[in-house]
Amino acid sequence: MCEKLELILDTIKSRCQTYKLNRLSEEEMMNFISNKFPGLSEIELKSVVAFSDGIPGRAEKFIDDSSLREIRDTIINVLRTVSTSNLEEILSNENFFVKYKNEWQEVLTCMLSYIRDVLIYKETSNRDLIINIDKVNDIKDIAEMFSFNKLNGIINIIKETRIKMEKNVNSTLVFDSMLLKMQEV
Numbered sequence: 004m005c006e007k008l009e010l011i012l013d014t015i016k017s018r019c020q021t022y023k024l025n026r027l028s029e030e031e032m033m034n035f036i037s038n039k040f041p042g043l044s045e046i047e048l049k050s051v052v053a054f055s056d057g058i059p060g061r062a063e064k065f066i067d068d069s070s071l072r073e074i075r076d077t078i079i080n081v082l083r084t085v086s087t088s089n090l091e092e093i094l095s096n097e098n099f100f101v102k103y104k105n106e107w108q109e110v111l112t113c114m115l116s117y118i119r120d121v122l123i124y125k126e127t128s129n130r131d132l133i134i135n136i137d138k139v140n141d142i143k144d145i146a147e148m149f150s151f152n153k154l155n156g157i158i159n160i161i162k163e164t165r166i167k168m169e170k171n172v173n174s175t176l177v178f179d180s181m182l183l184k185m186q187e188v
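And the structure:
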């Protein structure tokens with residue numbers, strides 16, 4: 004079994020069988036997580052279920068992996084600093100992106116997840132629709148900092164960044180460019 008098919012050589016792939024597994028329902032994920040990790044609070048449980056998107060391995064990684072927690076916490080700070088016009092403060096986040104350059108997909112997905120939550124909260128003020136429910140206060144603050152147009156601009160910048168990273172452009176330059184463009188939006 005593997006998570007990333009593109010990392011396997013073509014000669015190996017030709018001798019393998021590929022099985023696409025369906026995502027679990029929210030109820031199935033709740034049962035899985037509460038059985039495997041009985042000490043979680045209700046808010047943590049909801050947060051893990053929402054973040055996992057029906058993938059049990061992703062839920063386990065969310066709970067066990069401290070780097071994922073650091074990514075989530077730092078992304079909130081990045082979004083806060085992008086709203087300021089202090090260029091030095093914005094570029095201070097470069098080290099974070101360089102540190103996690105091999106996990107760039109997770110970083111960008113996390114950033115999009117927060118922006119999605121901010122957009123939904125801004126539009127509906129409904130906490131039940133927020134994926135990152137454990138960060139709801141941060142999401143409220145960020146919703147006040149950005150307009151809908153700025154948030155849409157940031158989403159487009161993240162899409163451009165994802166395309167550049169898929170093309171193996173220098174990650175430091177790509178992330179610096181992303182931060183500067185976000186600040187200009």
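Read left to right, the sequence shown gives residues 4 to 188 (our numbering).
Cβ atoms here follow ideal geometry from the backbone N, Cα and C, with glycine treated the same way.
inquiry  = To the nearest angstrom, how far is the alpha carbon of I93 from that of R61?
reply    = 30 Å
query = Which parts of the region 22-83 are runs of the alpha helix (DSSP H), unbroken and 4 residues or longer, counting only runs that do not cross its ends?
reply = 29-39, 45-55, 59-67
query = Can you list, in chain order, the stretches of the alpha helix (DSSP H) that have 4 or more residues and sit fully within the region 114-183?
reply = 139-148, 151-169
task = Give the range of the alpha helix (DSSP H) segment to which K7 is assigned.
result = Taken as a continuous stretch (DSSP letters only), K7 belongs to no alpha helix (DSSP H), as it is neither H nor E.
inquiry  = So, with DSSP's three-state summary, where would you put N105?
reply    = It is helical.
message = For a quick check, are the C-beta atoms of D120 and N140 less than 7 Å apart?
response = no
query = Between which two residues does the alpha helix (DSSP H) carrying T14 extend?
reply = Segment 13-16, the alpha helix (DSSP H) holding T14.
ask   = Quick check: the region 37-49 against the region 5-19, are there 3 or more CB pairs under 8 Å?
value = no
Length of the line joining the Cα atoms of P41 and V52 = 14 Å
key: S44, buried or exposed, once every other Cβ within 10 Å from all chains shown has been counted against 16   = exposed
ask   = Is DSSP giving Q20 helix, strand or coil here?
value = coil
request  = Using a Cβ-Cβ cut-off of 7 Å, state whether I46 counts as contacting chain B.
outcome  = Chain labels in this structure do not include chain B; a single protein chain is all it has.
task = Would you check if the region 151-161 and the region 177-186 touch, i.e. whether three or more CB-CB distances between them fall below 8 Å?
result = yes
ask   = Do I123 and L132 have their CB atoms nearer than 7 Å?
value = yes
query = Nearest-angstrom Cα distance between L90 and K170?
reply = 27 Å
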